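Q:
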Amino acid sequence: MNPETQASFMKWRYFRQSVFFGIVRLAALLITVALLGIIVFLFINGFRAVTWGFLTLPPTDSMTKGGIMPAIIGTFYLTVGAIAVAMPLGVVSAIYLAEYARQGRFIRLIRVGVNCLAGVPSVVFGLFGLGFFVVFLKFGSSILAGSLTLGILILPTIIGSAEEALKAVPQTFREASLALGVSKWRTISRIVLPSALPGILTGAILGVGRAAGETAPIMFTAAAFFTAVLPKSIFDEVMALPYHIYVLATAGTRIEQTRPLQYGTALVLIALVLGIDLIAIIIRSSVRRKKRW
Amino acid sequence: MFQTANTKSTLTRHLREIIIRKLFAFFAVISVLLLALIVLFLFRQGIPLFEEISVTQFLFGSAWYPTYNPPEYGIWPLIVGSLIVTVFACLIAVPFGLLSAVYISEIAPSRIKEILKSVIELLAGLPSVVLGFFGMVIVAPWMQEFFDLPTGLNIVNASFMLAIMAIPTISSISEDALYAVPREFKEASYALGATKYETIVKVAIPAALSGISTAVILGMARAIGETMVVLMVAGGAAALPRSIFDSVRPMPASIAAEMGEAPFQSGHYHALFATGIVLFLITLAFNLIADYLSNRFKEEGSGTL
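Residue numbers (numbering that gives the first Met the number 0), protein chains in the order written: chain A, 0 to 292; chain B, 0 to 304.
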């Protein structure tokens, strides 16, 4: 190859590179724009609807006026219930997988099971919740059935993040404790768990965000179109923010008229869920920065 | 005396350790048991349908008229609807997911990298009902006007919204795969005089290919199982589409829309559970393939050179 063609070949190679980098940057930019676009758009259309009354009053005039207070309360109950189910179960499973399990068929089975559970479509969780909790266990459409269904839905997320947090604790911590004659369980409960706690909590917070935003699993297990009174027990149906958006946007005869309410509810839900996620992200990055090991 | 007390305490301590271990193992198995319960209850409620019609009639029947008399329970149009929106969503989500992963793991400065990772995580956290709502009230009217269509609730719109849901999955898993490519691979490539572009395209991506395939498959699984978006945006027509601007009724949409009206233990009720079985089996297959690929992928690395 003579020097001239070689030089132009080099030019071509670098040209190709800059075109590729341009495309890559554009893709990353478009993704960011999509996220911001959706948020900004909902904000612009929704913020006028979100008043104090909107947040604290129940819907009135067959859901064409008033607020969304029962839906906020309902989502709160369902989410708390879900995390109460998933957190203990998930953390214990993660401790077993990260600390006790050795390679083998049994562990392989559990891992495949958790992965497959994570992949089950949300509407199938809804069907399962209907068939098992609502009908078979006779819980009816209730906070209890919805929380259990959502709890199972977020279980794999909790297990995954807790296991990752446990694995990030340096092996030397465990060795130091075991070398002092401390038993395995004490090592885990006194040394490993406290070190992994911020990571585990981050995972739990992300799980809360996920549970708060899900619609399909609660459609047949917990969510009510409209309730006149707030739930009195865990066997009552509740309104929930995601389902409320769906109902307002698709059912009824005055869809156009209730548009501001729909935007307002969507804005409240998105602020809630993304706020929760953002808290988790901030906690995680600050923990990473402060890490002493 | 001292000796026995000591042995005894060692024994109880030992016993306690064993009990804790077994107890934790039991809790860990609960996930598997739950999966089994899901299968059991889907089949329990879905199988009775096949006393009325055959599996072939159900899967390949082209008419879904569950409320007619006599009813018809052919879910072929629903399966086609699901597959079409999933494939189109992936056509959009795979390039965007993969390119953003390349950007994050290979090109971006560390500050932008952190921001973009957060953006993708927030995108993953967007509630699907909000995306469905967005597609319904913003994208649909715009699309209807711009392309002069009878409805903006169609395959293209649903695919776009589904792509937004699948991008974070594809991006974050691909990024992990690219990150796991040993540095030596890239260094060797640079040492041979390759440009960064050549190193990414000819070394990093091929080395991460099984991880990237896992990412794509999990992204597809996410898209095919997604409910609210297709329920609100796909239009809901249970017929075979003839153009990409036609409405479809993917399986999850059909289940979610009709479950509330289907009389308990009726043929319709069982048919919806049977549709759930089909959907579950498809996503299960995707997940098992992804699991298999990612396990093979773990064994790769500089050791296999």
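Even for Gly, the Cβ is constructed at its ideal location relative to N, Cα and C.
These numbers come from a predicted model, not from an experiment.
So, helix, strand or coil for A238/B, using DSSP?
A: DSSP places A238/B in coil when its eight states are reduced to three.
Q: List the residues that DSSP assigns as beta-bridge partners of Y64/B.
A: Answer is E71/B, bridged to Y64/B.
Q: Less than 7 Å separating the beta-carbons of G275/B and L41/B?
A: Yes, the pair counts as a contact, with Cβ atoms nearer than the cut-off.
Q: Have a look at R253/A, G198/A, Y242/A and flag the residue whose alpha-carbon is nearest the alpha-carbon of G159/A.
A: The option with the nearest alpha carbon to G159/A is G198/A.
Q: Entirely within the segment 152 to 240 of chain A and at least 4 residues each: give me those alpha helix (DSSP H) ranges in chain order.
A: Correct list: 170 to 178, 192 to 212, 215 to 218.
Q: Do T171/A and L294/A have their beta-carbon atoms positioned less than 7 Å apart in this structure?
A: Only positions 0 to 292 of chain A appear in the structure, and residue 294/A is not among them; the question remains open.
Q: At a Cβ threshold of 7 Å, is M142/B touching chain A?
A: No, M142/B lies away from the interface with chain A (no Cβ there is under 7 Å from its Cβ).
Q: Between the C-alpha atoms of A223/A and L77/A, what's the straight-line distance to the nearest angstrom?
A: Distance between the alpha carbons of A223/A and L77/A: 12 Å.
Q: With a threshold of 7 Å between beta-carbons, can I282/A be considered close to chain B, or not?
A: No, because no Cβ of chain B sits closer than 7 Å to the Cβ of I282/A.
Q: Just reading off the alpha helix (DSSP H) that L300/A is part of, what are its end residues?
A: Only positions 0 to 292 of chain A appear in the structure, and residue 300/A is not among them; the question remains open.
Q: Apart from the five residues just before and just after S141/A, which ones in its own chain have a Cβ nearer than 7 Å to its Cβ?
A: Cβ within range, chain order: A221, I233, F234, D235, E236.
Q: Measure the CB-CB distance between V247/B and L152/B and report whether it falls below 7 Å.
A: Not a contact, by the Cβ cut-off of 7 Å.
Q: Is it true that the segment 190 to 207 of chain A meets the segment 72 to 88 of chain A, where meeting means three or more beta-carbon pairs spaced less than 8 Å apart?
A: As far as the Cβ criterion goes, the segment 190 to 207 of chain A touches the segment 72 to 88 of chain A, which means the pair count is three or higher.
Q: From the DSSP output, which residues share a beta bridge with G89/A?
A: Note: G89/A sits in no beta bridge, so no partner.
Q: Can you tell me whether DSSP reads P259/A as helix, strand or coil?
A: In this structure, P259/A counts as helix in the three-state DSSP scheme.
Q: Have a look at L35/A, I109/A, S17/A, C115/A and flag the residue whose alpha-carbon is nearest the alpha-carbon of A289/B.
A: When each option's Cα is compared against that of A289/B, the closest is C115/A.
Q: From this set, I119/B, S265/B, L280/B, which residue's C-alpha is nearest N68/B's C-alpha?
A: The candidate whose alpha carbon is nearest that of N68/B is S265/B.
Q: Can you tell me where the alpha helix (DSSP H) holding E113/B begins and where it ends?
A: From DSSP, the alpha helix (DSSP H) with E113/B extends over 109 to 124.
Q: Residues of chain B with a CB under 8 Å from the CB of M218/A: which are they?
A: Those are A255, M258, G259, listed as they occur along chain B.
Q: With N114/A as the anchor, note down where its alpha helix (DSSP H) starts and where it stops.
A: 104 to 118 is the span of the alpha helix (DSSP H), which, as asked, contains N114/A.
Q: Going along chain A, which residues have a C-beta under 9 Å from N156/B?
A: The premise fails here: N156/B is roughly 14 Å from chain A at the closest Cβ pair, so nothing lies under 9 Å.
Q: For T59/A, which residues does DSSP report across the bridge?
A: DSSP, once it has assigned bridges, lists K64/A as partnering T59/A.
Q: Please confirm if the segment 242 to 256 of chain A is in contact with the segment 144 to 161 of chain A, defined as three or more CB-CB distances below 8 Å between the two stretches.
A: No: the two stretches stay apart, fewer than three of their Cβ pairs being nearer than 8 Å.
Q: Below 8 Å CB to CB, which residues in the same chain sit around A167/A once its five sequence neighbours on both sides are set aside?
A: So the qualifying residues of the chain are A195, G198.
Q: Does the distance from the C-beta atom of P69/A to that of M238/A stay below 7 Å?
A: In contact: P69/A and M238/A (Cβ atoms closer than 7 Å).
Q: Spell out a yes or no on whether the segment 242 to 257 of chain B and the segment 222 to 229 of chain B are touching, meaning 3 or more CB-CB pairs, one atom from each, closer than 8 Å.
A: Touching, yes.
Q: Can you find a CB in chain B that lies within less than 7 Å of the CB of L268/A?
A: Answer yes: the Cβ-Cβ gap between L268/A and chain B drops below 7 Å somewhere.
Q: Which of the three DSSP states is assigned to V247/B in this structure?
A: Strand, per DSSP.
Q: Under 8 Å Cβ to Cβ from F305/B, same chain only, skipping five residues before and after it: list those, please.
A: Nothing about residue 305/B can be reported from this structure: the residues present for chain B run from 0 to 304 only.
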